[in-house]
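Protein sequences appear in the order of chains A and B. If you read the first sequence in the working numbering, its first letter stands for residue 6, the second for the next number, and so on. If you read the second sequence in the working numbering, its first letter stands for residue 10, the second for the next number, and so on. Every residue gets a Cβ at the ideal spot worked out from N, C-alpha and C, and that includes glycine.
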Amino acid sequence: GNSVTQMEGPVTLSEEAFLTINCTYTATGYPSLFWYVQYPGEGLQLLLKATKADDKGSNKGFEATYRKETTSFHLEKGSVQVSDSAVYFCALSDSNFNKFYFGSGTKLNVKP
Amino acid sequence: SAVISQKPSRDICQRGTSLTIQCQVDSQVTMMFWYRQQPGQSLTLIATANQGSEATYESGFVIDKFPISRPNLTFSTLTVSNLSPEDSSIYLCSVDTKPGLDTGELFFGEGSRLTVL
């Protein structure tokens, strides 16, 4: 079956620190991979995505590379800001985008 | 894109009662999804609601417990019936504005936080 596992939080970093949030998946077929973000008081929104192996998704300074050999899609950012404080969800969808599977979310706290 | 409004944003209910959550979208969408997020756990799909047909429920979720209405292309309701403390969760409405196409972008409401006493 399909599932997503991501590192537990909360993750607390100082501003300008390097961020990695680990995400691994189990899937049949050829899934697409996503990172969604939920800022305080808002709904989840798409941060970035990758639809095939070796693709790199990027947005707002965040990056994640679809690694089929390690079944991973780790989220990285070189220098976090206080405004990046949010909950980050790793997710995958089946090849028809008909069904999504989410990780449990990782809360990021960035201190000034 | 899509803007989704959910009501109520939070509620506290007594066990044995029911709560109906409303989801309003600012555009017409074919597919609407209802998710549950239990404390410290991932989002779990409850059901997919398409206008003009019965909702499709995921394993472990049944219509008697989670009846869903989808009267038109911009609105849906989820009712959580016969509440118990185990139903305390955040319930999320979500839409896919371009199903079947290479977008994979779901839009979410802010969620409805339910606490059952």
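Integer Cβ distance of SER37/A from ALA55/A, believed to fall under 8 Å: 7 Å between Cβ atoms; contact.
Nearest neighbour of ASN7/A, chosen from PHE107/A, ASN114/A, THR111/A [CA to CA]: Ranking the options by Cα distance to ASN7/A, first place goes to PHE107/A.
Burial state of ALA23/B (16 or more Cβ within 10 Å): First, the amino acid is wrong: residue 23/B is Gln here, not Ala. That one is exposed.
Outcome for TYR35/A when other beta-carbon atoms lying within 10 angstroms are tallied against a minimum of 16: With fewer than 16 other Cβ atoms within 10 Å, it is exposed.
ILE26/A, enclosing beta strand (DSSP E) - first and last residue: From DSSP, the beta strand (DSSP E) with ILE26/A extends over 24-26.
Residues sharing a beta bridge with LEU52/A, DSSP: Residue pairing by DSSP places LEU52/A opposite no residue, since no beta bridge is assigned to it.
Exposure label - THR33/A; buried when at least 16 CB within 10 Å: With fewer than 16 other Cβ atoms inside 10 Å of its own Cβ, THR33/A counts as exposed.
Inter-stretch contact (C-beta, 8 Å, three-pair minimum) for the segment 81-98 of chain B and the segment 84-99 of chain A: Contact between the segment 81-98 of chain B and the segment 84-99 of chain A is absent, because fewer than three Cβ pairs lie under 8 Å.
ARG19/B burial status per 10 Å Cβ neighbour count (16 or more: buried): By the Cβ-count criterion, ARG19/B is exposed, with fewer than 16 other Cβ atoms from all chains shown falling within 10 Å of its own Cβ.
Inter-residue Cα distance where the pair is LEU97/A and PHE39/A: So the two alpha carbons sit approximately 6 Å from each other.
Member of LEU115/B, LEU101/B, THR53/B whose CA lies at the smallest distance from the CA of GLU67/B: Looking at the Cα atoms, THR53/B is the closest of the given residues.
Residues near GLN31/B by beta carbon distance below 6 Å, same chain, minus five either side: Cβ neighbours of GLN31/B within its own chain (closer than 6 Å, five residues either side excluded): LYS16, THR86.
Proximal chain A residues relative to GLN50/B, where beta-carbon distance stays under 8 Å: Under the 8 Å cutoff, chain A gives SER109.
Coarse secondary structure for PRO15/A, derived from DSSP in three states: DSSP places PRO15/A in coil when its eight states are reduced to three.
4-residue-minimum alpha helix (DSSP H) runs that sit fully inside the segment 71-114 of chain A, ordered along the chain: Counting whole runs of 4 or more residues, the segment 71-114 of chain A contains no alpha helix (DSSP H) stretch at all.
Inter-residue Cα distance where the pair is VAL38/B and ASN59/B: Taking the straight line from one Cα to the other gives about 9 Å.
Partners in chain B for GLY62/A, counting only beta-carbon separations shorter than 9 Å: Neighbours of GLY62/A on chain B: none; closest Cβ ~11 Å, over 9 Å.
Cβ pair LEU33/B, SER10/B closer than 8 Å: In the sequence under discussion, the amino acid at residue 33/B is Gln, which differs from the Leu named in the question. Not a contact, by the Cβ cut-off of 8 Å.
Neighbour list for PHE1/A in chain B, Cβ cutoff strictly below 7 Å: No statement about residue 1/A is possible, as the shown extent of chain A runs from 6 to 117 and does not include it.
Closer than 8 Å at the beta carbon, the chain A residues around ILE30/B: Going along chain A, no residue has its Cβ under 8 Å from ILE30/B, so there is no contact; the nearest lies around 14 Å.
Helix, strand or coil at PRO80/B according to DSSP, with G and I counted as helix: Three-state result, PRO80/B: strand.
Where SER36/B falls, given that 16 or more other Cβ within 10 Å makes a residue buried: Answer is exposed; the Cβ neighbour count stays below 16.
Contact belief for LEU49/A with PHE117/B at Cβ below 8 Å, rounded distance in angstroms: Between the beta-carbon of LEU49/A and that of PHE117/B there is about 4 Å, and that keeps the pair under the 8 Å contact cut.
C-beta neighbour in chain A for LEU82/B, strict 8 Å: Closer than 8 Å: no.
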